[in-house]
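Line by line, the protein sequences give chains A and B. Position 309 (the first sequence) corresponds to 1141 in this note's numbering; numbering is contiguous. Position 119 (the second sequence) corresponds to 951 in this note's numbering; numbering is contiguous. Idealized CB from N, CA, C, for every residue including glycine. None of these values were measured; they are calculated from a predicted model. Structure, as structure tokens:
Protein chains: 2
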Amino acid sequence: MQNVGLQLNNIVELLDTNNVQAIQDVFADAHPADIADTLESLTPTKRLTVWLQIPQILKGEVLAELSEGVLRDLAGDIDKEQLVDSIKSLDVDDIADLVHDLPHETLEDVLVAVDSNVRDSLDEVLSFPDDSAGGLMNLDATVVRDNITLEVVLRFLRLKNRLPSQTDSIYLVDSDHHLTGVLPIDRLITSPAEDLAITHIIDNPVTFDGLDHEEDVAKAFADYDLVSAPVVNENKRLIGRITIDDVVDVIREQAEHDIMAAAGLNNEADIFAPVIKTTRNRSVWLGVNLITALLGSWVIGLFEGSIQELVALAVLMPIVASMGGNAGTQTLTVVIRGMSIGTISDQNVRNVLIKESLVGVLNGLLWAVVIAVIAALWFQNVHLGIVIACAMVVNLIMGAIAGVLIPVFLEKMGVDPALAGGVALTTVTDVVGYFSVLGLATIWLL
Amino acid sequence: MQNVGLQLNNIVELLDTNNVQAIQDVFADAHPADIADTLESLTPTKRLTVWLQIPQILKGEVLAELSEGVLRDLAGDIDKEQLVDSIKSLDVDDIADLVHDLPHETLEDVLVAVDSNVRDSLDEVLSFPDDSAGGLMNLDATVVRDNITLEVVLRFLRLKNRLPSQTDSIYLVDSDHHLTGVLPIDRLITSPAEDLAITHIIDNPVTFDGLDHEEDVAKAFADYDLVSAPVVNENKRLIGRITIDDVVDVIREQAEHDIMAAAGLNNEADIFAPVIKTTRNRSVWLGVNLITALLGSWVIGLFEGSIQELVALAVLMPIVASMGGNAGTQTLTVVIRGMSIGTISDQNVRNVLIKESLVGVLNGLLWAVVIAVIAALWFQNVHLGIVIACAMVVNLIMGAIAGVLIPVFLEKMGVDPALAGGVALTTVTDVVGYFSVLGLATIWLL
């Protein structure tokens, strides 16, 4: 790769030798995203030192590239006036993104600082939820009336001198600002200049409503290979434009959310945040886990007498719980993914349940035979082997059923399956695993 | 949203009533990505019926949109000649992607069927690894000599009539096909036509080497908001062009891989694959899990005598194992993410280890107190409470250390941390959890 990235170790070295001039030189030619990466790799105390060496003109864009946790921390350390100065010259959608993540008074300060037309635009974008098409849109669409020729369009563009980034099409509107269609730039430059613009438009373009969810927007961009797309209000009037660079951020954030949520973490988790803060953030999840673990222990506690009689049960019961949890997690993962990309819906969830249960039965039988042989040989007790085997089949089927039903149920309750699904599932497979091993043993063996 | 998606339930209904004409009508105006979604939501037997109703002209693009598992299954059912016919008219990068996922003889058939210039292009793309910039590139770059005026460029584009999709810039080369620079389309149309093209180029554009890894390409596209970028060979000669639509696919596949791998699943896992096939695919992972679970059981088995003396140990030990696993998974998740986005490197991994260990100590102490009180009250045994508390601290610190070191070690060994990290970590926290509870109890209590 050429012209990509920064040398982080250089920056750390320059910091250690307090060579701020050299840092300024490195940053002068750097891309804001690379500077943001550098900041994220540093401890909080070093971040402020480095921040002060960033050219003023880049500071806003660097802030826009930072992850939420790092942004909030750093913004708390920066002089308020300088913060507003850095932000106010950004694109409206970037300002909107930033003020969502910053304390409310920052928004008020920014609204006072910007020009009145930017303020109006910002009001418009901020009137939509953060995770909607409206919250994602910018107001920099290149718009022309639909009754002019391509030559006039070209002359108009020449006057503007520069087009907004990611402009792959011009939007045509009627006299009431209703979107007539979309004119791709390549048609504009390859078609006869005397033609009317309207004869070269795509007349059924993908358009978004301001309230569409950003995940649906992302799916449409990915499916239809879009670079930009118009946003319209309920009266089909053009209100903004969404571009692929912001959609890519949505896709990356969504992916990060799914991975982090499974461990009870926020996207904003900052690897270099202070120890106390991280401890506090993580402790909540561990508390939830303790409660679910106590539930499993309570089940074991019901069978103390059985364990005392046959200690092998205590040795083998975690295997059944763990296998159920693993098989169930496989089902859960596939189902959550299917629900999020849309291949699983109310129409076919019954098929999925039947299939996953059958897979649970087959894998249950397979590993039941294996564990039965191991248990029987280990403890010289064939009956114990049979008990463990039966418990294994029960728990793998339970894991499959829970793996399908838990995410479906959570989704209907409005709870994020990526966050709560794993905990709920392993609670079920632990409880059922312990209960089936110890219960069956108590009935059959003791 | 407008002009987005298909009604899946309509298709299912039409299938049930065998109304193939109506399905053909729905597909006639549909986007290939939507048809692919529909196919993925159906059971394998229905897929072939629906496939036959897809207009021939769309079939190749539908195949290109299918996930690997569904593609392979469906391709096995399609007449070979028809398969090659569908594929051969696609873009070269799409053909290359498809033949990577299909049996080797398909490639040979395709190479025979395509024109000789497409064959040469295909050879070029296929000479690079599937997950490299070269494997991702297309050969449709719009290229002009660097010594002509904008007017000549515009006339050339008019002659071509259509530009390749996602063309936001024209590439300028010298007489040896070395890349001189990149001319953004907006500069082309807003600058004076008599200017030399070379005066309006971006002279330090981001370029990729054919062997760059696709994840680095994806990061650069996201960081620098690229729509397309040139690929050059080691002599800086232009060999191709990467576009954002393919990069979006890389980002989505990578995210899916990370989520699926954590449950031991392939990206290609098809939710509606036959039960036997799914059982077989998943059983491998369950086998790995069984071995790690047996390791935990072996540790418990070492202390059978202690458990018989104090059954409460069997009741409480899973809590310690589970809490260590959860805390460790939090660390592991943050570290894997930090490594993949580049905020964690050899330079600062020591800082991360110290910080995570401290978090482990603090959360260990917090939950040690809680579990000590619960255990002491439950079993009326203060000493038992103290033992469990100490084991909790030990295991949470162990979880933190393992959460940092395991992914670093796996990465150095060339093993995917997203796949093996979770299993390795919970094996450590299970073994250490059981050992510390039972070992400390054996020394202090019995």
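C-beta contact flag for residue i and residue j at 8 Å
i	j	result
ASP963/B	HIS1045/B	yes
ILE1132/B	ALA1208/A	no
LEU968/B	ILE1074/B	yes
ALA1204/A	ILE1220/A	yes
VAL957/A	VAL916/A	no
LEU1228/B	GLY1128/B	no
SER918/A	GLY892/A	yes
ILE1034/B	LEU1058/B	no
ILE1277/A	ILE1151/B	For the record, residue 1277/A in the displayed sequence is Leu; it is not Ile. For LEU1277/A and ILE1151/B, no; Cβs fall outside 8 Å.
LEU1011/A	LYS1068/A	yes
SER1001/B	LEU989/B	no
THR999/B	ILE980/B	no
ALA1234/A	GLY1265/A	no
ILE1168/B	PRO1249/B	yes
GLN1162/A	LEU1097/B	yes
LEU1257/A	ILE1275/A	no
THR1175/A	SER873/B	yes
GLN885/B	VAL852/B	yes
ARG904/B	LEU934/B	yes
ALA862/B	GLU897/B	no
LEU846/A	ARG879/A	no
LEU954/A	HIS1009/A	no
VAL1236/A	VAL1184/A	yes
LEU1242/B	VAL1225/B	no
Start and end residues, beta strand (DSSP E) containing residue i
i	result
LEU1004/A	1001 to 1005
GLY1072/B	1070 to 1075
PRO1326/A	Residue 1326/A falls outside the range modelled here, since chain A spans only 833 to 1278, and no answer is possible.
THR875/B	No beta strand (DSSP E) holds THR875/B; DSSP gives it neither H nor E.
Simplified DSSP assignment, three categories, for residue i
i	result
ILE1186/A	helix
GLY1042/B	coil
ARG987/A	helix
ARG977/B	strand
ALA1052/A	helix
ILE1034/B	strand
PRO864/A	helix
LEU922/B	coil
GLY1192/B	helix
THR1012/A	strand
SER1060/A	strand
SER1138/B	helix
ASN1065/A	coil
GLN853/A	helix
GLN885/B	coil
LEU1028/A	strand
GLN834/B	strand
ASN993/B	coil
Run of the alpha helix (DSSP H) containing residue i, from where it starts to where it stops
i	result
SER1172/A	1144 to 1173
THR1274/A	1249 to 1276
ILE1176/B	ILE1176/B -> no alpha helix (DSSP H), and no H or E assigned at all.
VAL902/B	900 to 909
LEU1020/A	1017 to 1022
LEU971/A	It is not in any alpha helix (DSSP H) - LEU971/A carries neither H nor E in the DSSP assignment.
Whole-angstrom C-beta distance between residue j and residue i, which should lie under 8 Å
i	j	result
ALA1252/A	ALA1159/A	No, ALA1252/A and ALA1159/A are not in contact; Cβ-Cβ is about 19 Å, not under 8 Å.
THR870/B	ILE843/B	5 Å
GLY1042/B	ALA965/B	6 Å
VAL1255/A	ASN1121/A	7 Å
ILE1083/B	VAL1080/A	7 Å
ALA1273/A	LEU1142/A	7 Å
THR1039/A	PRO1062/A	5 Å
ASN835/A	ASN1065/B	Wrong, their Cβ atoms sit about 17 Å apart, outside the cutoff.
VAL946/A	LYS920/A	5 Å
THR1124/A	THR1259/A	4 Å
LEU986/A	LEU1020/A	7 Å
PHE1104/B	PRO876/B	6 Å
Task: Ranges of the alpha helix (DSSP H) found wholly within the segment 930 to 956 of chain A, counting only runs of at least 4 - done: Listed in chain order, the alpha helix (DSSP H) elements of length 4 or more contained wholly in the segment 930 to 956 of chain A are 936 to 945.
Task: Sequence ranges, alpha helix (DSSP H) only - wholly within the segment 1069 to 1128 of chain B, length at least 4 - done: DSSP runs (the alpha helix (DSSP H)) wholly in the segment 1069 to 1128 of chain B: 1076 to 1093.
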